[in-house]
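Encoded as structure tokens, the structure appears first; notes follow it.
Take a look at the structure:
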């Protein structure tokens, strides 16, 4: 099974590892980004409409969970996450769906050899879609913030090359779409 799917017949949102979740002052916004990735995953692999999935997330019937590992016993249990910024969540999900074809084409062109869009895990694809949408459409979000947020989301699910892929693709895209912000973003003075 891939993408943290269980053996249940009904698909559910992939659950990240709680110990790998992003922290910081904007936790509700970070949680919204994570929820958007989960919701888009459900929309693309499930048989529910976007409206139904969004409603289920907003009403707490989907998402809002992570896997927590007991450090002493290595036993896993489901733990609740913090509330997410609902406005950002809806904006991301609806925005990605509206611009999906353009985002997919742009991301496909940003992939390095060895990575093929149509063979990529669904969760990684949704991270790249969300991050690309924020870089391409949300000028209120600095591109480096968007990159860091989705690298953090990737770390919540993966410990391997997927996190580096998310970082590399979003960085490459940001340098093309918002080069001035990326140039002055390193030391703030450029």
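Residue numbers (this note's numbering): 11 to 200. Using N, Cα and C, we set each Cβ at its ideal position, and we do this for glycine too.
Cβ distance (whole Å) where residue i is taken to contact residue j below 8 Å
{"i": "residue 116", "j": "residue 142", "result": "6 Å"}
{"i": "residue 98", "j": "residue 145", "result": "Actually they are not in contact, since the Cβ atoms of residue 98 and residue 145 sit about 15 Å apart, beyond 8 Å."}
{"i": "residue 133", "j": "residue 47", "result": "7 Å"}
{"i": "residue 109", "j": "residue 147", "result": "7 Å"}
Exposure label - residue i; buried when at least 16 CB within 10 Å
{"i": "residue 126", "result": "exposed"}
{"i": "residue 128", "result": "exposed"}
{"i": "residue 105", "result": "buried"}
{"i": "residue 124", "result": "exposed"}
{"i": "residue 57", "result": "exposed"}
{"i": "residue 194", "result": "exposed"}
{"i": "residue 84", "result": "exposed"}
{"i": "residue 65", "result": "exposed"}
{"i": "residue 156", "result": "buried"}
Candidates the options: closest to residue i by CA position
{"i": "residue 50", "options": "189, 120 and 103", "result": "103"}
{"i": "residue 111", "options": "138, 190 and 71", "result": "138"}
{"i": "residue 69", "options": "81, 45 and 86", "result": "45"}
{"i": "residue 9", "options": "107, 191 and 186", "result": "Since the displayed the chain opens at 11 and closes at 200, residue 9 lies outside it and no answer follows."}
{"i": "residue 41", "options": "61, 54, 55 and 67", "result": "67"}
{"i": "residue 168", "options": "190, 131, 149 and 150", "result": "131"}
{"i": "residue 122", "options": "190, 153, 36 and 181", "result": "181"}
{"i": "residue 220", "options": "140, 100 and 101", "result": "This structure leaves residue 220 out entirely; the chain is present only between 11 and 200."}
{"i": "residue 100", "options": "171, 60 and 81", "result": "60"}
{"i": "residue 150", "options": "165, 54, 188 and 170", "result": "188"}
Close beta carbons around residue i, own chain, < 7 Å, minus the five adjacent residues each side
{"i": "residue 38", "result": "92, 93, 94 and 95"}
Contact set for residue i: own chain, Cβ-Cβ below 8 Å, skip 5 residues either direction
{"i": "residue 119", "result": "none"}
Cut-off 6 Å between Cβ atoms - residues of its own chain near residue i, not counting five sequence neighbours on either side
{"i": "residue 185", "result": "192"}
Item to complete: For the region 174-184 and the region 154-163, state whether three or more C-beta atom pairs, one from each stretch, are separated by less than 8 Å.
Response: Counting Cβ pairs under 8 Å, three or more are found: they touch.
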